[in-house]
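Notes follow the structure.
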Ligand code: SD4
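Residue numbers (the numbering used here): 435 to 765.
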């Protein structure tokens, strides 16, 4: 799980200082002062790395930009940060020591784009946006996505850092013939899901990840799947997920959160009810982490997680806070 270290804090403070008007974070709030508050702009994203990502998104929202531009700019921050171990550059590799990236983006008009199993490009979220805007497809993956990225002008780079390679060597050296394929990266959650609500009252979402550490080569999680890792319905609300992608896919997680809001639940209740669905299917003892964030069409926000330790970043009214989410089970 993502640690909130002094180093993380110093980096976050520097990022916040650069984002005019936002108050730097110096503590972890037990509940967000701004959660439930109405109106925009607002931006919410998963994990402590969401704080500098929110700052980048806020720069766009506070100058009258769109929620779609905000979420793309926001999640590009952890994508380029080698210290974020589950997103973009520096993400932990799969069992074959290859970094494969997944991302999706969705705008208020219901248009969306996605890419998955992409190697060698730092910003899968921008590939996903080009899929959305330059083609009439939704999802382009693997070698085809790499070729598409090259054609639209993105630069190919090595995404494996020395730190990530060393972590893989350590993991691999501890593996024996008796080990099964259940990934060892369960506790490593830094995937960023982000939802923004702009001045005009429009919602957009983005989600980007290197997926579970040590996954089987070719495995794709929930993050690039519209309706699982992220979903936007501008008439109702938007949601994004982090954690064990298989459980999120099996329950159409982000779509379910939005549908719960459609039935009148608050964003927090909607997240909680979607997690109860997962918990019930595992006899109340899921034993892994899933976290949801959500925003409704009034700009009210909420989040919840299956097990403890999930925090999210919330920027609104000139503040950018790290907030501890409530949870269903013991972590
Ligand atoms: C996945 N949901 O690939 C992602 C992993 C994740 O924080 O969220 N990590 O299943």
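All residues carry an ideal CB built from backbone N, CA and C; glycine is no exception.
Item	Value
Quick one, which of 626, 547, 724 and 667 has its alpha-carbon nearest residue 642's?	626
Write down the C-beta distance between residue 669 and residue 730 rounded to the nearest angstrom, noting that I regard them as a contact closer than 8 Å.	Not a contact, Cβ separation roughly 10 Å.
Name the two residues that bound the continuous beta strand (DSSP E) containing residue 536.	535–540
My guess is that residue 653 and residue 528 are in contact by the Cβ rule of under 8 Å, so how many angstroms apart are they, rounded?	7 Å
Pick from 479, 495, 566 and 520: whose alpha carbon is nearest that of residue 556?	520
Tell me the DSSP secondary structure of residue 757 in three-state form.	strand
Would you give the residue range spanned by the beta strand (DSSP E) that residue 667 belongs to?	664–667
Here's the rule I'm using: 16 or more other beta-carbon atoms within 10 Å means buried, otherwise exposed. How should residue 609 be labelled?	exposed
Once DSSP output is grouped into helix, strand and coil, what is the label at residue 681?	helix
Roughly how many angstroms lie between the CA atoms of residue 501 and residue 607, to the nearest whole one?	45 Å
Residue 514 by DSSP, collapsed to three states: which one?	coil
Under 7 Å from any heavy atom of ligand 1, does the C-beta of residue 753 make it?	no
Over what stretch of residues does the alpha helix (DSSP H) that includes residue 705 continue unbroken?	701–715
To the nearest angstrom, how far is the alpha carbon of residue 544 from that of residue 503?	15 Å
If you reduce the DSSP assignment to three classes, tell me which class residue 578 lands in.	helix
What residue range does the alpha helix (DSSP H) around residue 687 cover?	687–696
Secondary structure at residue 473, three-state DSSP: helix, strand or coil?	coil
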